[in-house]
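K.L.:
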Amino acid sequence: MSASAPVKVSQTVYPDGRLVDDRIVGLIVRPETHIVDPRGELVEIYSPAWNLHPEPLVYAYQVRINRGQGRGWVVHAKQDDRIHHCVGTLHWAFYDDRKDSPTHGMLNKITISERNTALIVIPKGVYHAVMNVGSEDAIMINLPTKPYNHADPDKFRLPFQNDLIPYDFGDLGPQ
Numbered sequence: 323m324s325a326s327a328p329v330k331v332s333q334t335v336y337p338d339g340r341l342v343d344d345r346i347v348g349l350i351v352r353p354e355t356h357i358v359d360p361r362g363e364l365v366e367i368y369s370p371a372w373n374l375h376p377e378p379l380v381y382a383y384q385v386r387i388n389r390g391q392g393r394g395w396v397v398h399a400k401q402d403d404r405i406h407h408c409v410g411t412l413h414w415a416f417y418d419d420r421k422d423s424p425t426h427g428m429l430n431k432i433t434i435s436e437r438n439t440a441l442i443v444i445p446k447g448v449y450h451a452v453m454n455v456g457s458e459d460a461i462m463i464n465l466p467t468k469p470y471n472h473a474d475p476d477k478f479r480l481p482f483q484n485d486l487i488p489y490d491f492g493d494l495g496p497q
């Protein structure tokens with residue numbers, strides 16, 4: 323087959339909008355509902371009633387990612403991240419490096435914008451990186467399960483290009 327031959331596209335979503343791909347164990351992408359009325363719009367960020375995560379809210383911070391820039395790869399040993407998407411278009415990649423996980427070595431990718439916001443739960447031991455692929459700055463709020471320890475951060479980094487994670491952000495990568 324020549325390099326210019328078309329390749330058949332496989333199914334990526336079910337008719338109800340759910341993604342077809344297998345998900346890393348513990349990685350949750352909970353679509354959010356936008357409640358719109360003549361006054362504006364409301365989006366619930368987190369509710370214990372959802373039974374999404376057993377840990378209480380203990381800390382929150384906002385992150386802005388400049389247009390064309392990225393953050394990651396990062397992994398935590400002691401905390402899970404719970405990230406709410408606010409503004410912009412972000413392309414996420416996740417890699418399960420937990421040796422005892424049934425999805426060890428699995429890679430997941432998602433793109434989120436204001437049109438399909440979600441709360442993302444990222445378990446400890448899962449590397450994650452994010453790239454702003456939109457035309458404006460992007461904003462997200464993290465509600466991690468542990469407060470930030472300035473003296474001993476629970477954060478381990480890898481460069482975007484590395485030998486562990488089989489993913490290349492390609493043209494999406496940092497300039």
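Read in order, the letters of the sequence shown correspond to residues 323 to 497 in this note's numbering.
Built from N, CA and C at the ideal position, the CB exists for glycine as well.
#1: Looking only at its own chain, which residues have a Cβ that is under 7 Å from the Cβ of His407, when we skip the five neighbours before and after it?
#2: Identify, in the order they occur along the chain, each residue of the same chain with its Cβ nearer than 6 Å to the Cβ of Gly348, setting aside the five sequence neighbours on each side.
#3: Indicate whether at least one CB of chain C lies closer than 8 Å to the CB of Ala371.
#4: Relative to the alpha-carbon of Leu505, which residue among Gly410, Lys468, Asp418, Asp422 has its alpha-carbon at the smallest distance?
#5: Kindly indicate which three-state DSSP category Gly471 falls into: helix, strand or coil?
#6: In whole angstroms, what separates the C-alpha of Asp422 from that of Gln483?
#7: Comparing C-alpha positions only, which one of Ile367, Asn373, Arg345 sits nearest to Ala415?
#8: Write down the C-beta distance between Val358 and Asp402 rounded to the nearest angstrom, noting that I regard them as a contact closer than 8 Å.
P.N.:
Per the coordinate set shown:
#1: In the sequence shown, residue 407 corresponds to position 85, counting from 1. So the list reads Ile434, Thr439, Ala440, Met462, once near-sequence residues are dropped.
#2: Translated into the one-based positions of the sequence shown, residue 348 becomes position 26. Pro445, listed in sequence order.
#3: Going by chain labels, chain C is absent from the structure shown, which holds only one protein chain.
#4: Limits of the chain in this structure are 323 at one end and 497 at the other, which puts residue 505 out of reach.
#5: Position 149 of the sequence shown holds residue 471. According to the sequence provided, residue 471 is Asn. The question's Gly does not apply to it. DSSP places Asn471 in coil when its eight states are reduced to three.
#6: Along the sequence shown, one-based indexing puts residue 422 at 100. Along the sequence shown, one-based indexing puts residue 483 at 161. C-alpha separation (whole angstroms): 25 Å.
#7: Mapped onto the sequence shown, residue 415 falls at position 93. The shortest Cα separation from Ala415 among Ile367, Asn373, Arg345 belongs to Arg345.
#8: The residue you call residue 358 lines up with position 36 of the sequence shown. The residue you call residue 402 lines up with position 80 of the sequence shown. Not a contact, Cβ separation roughly 30 Å.
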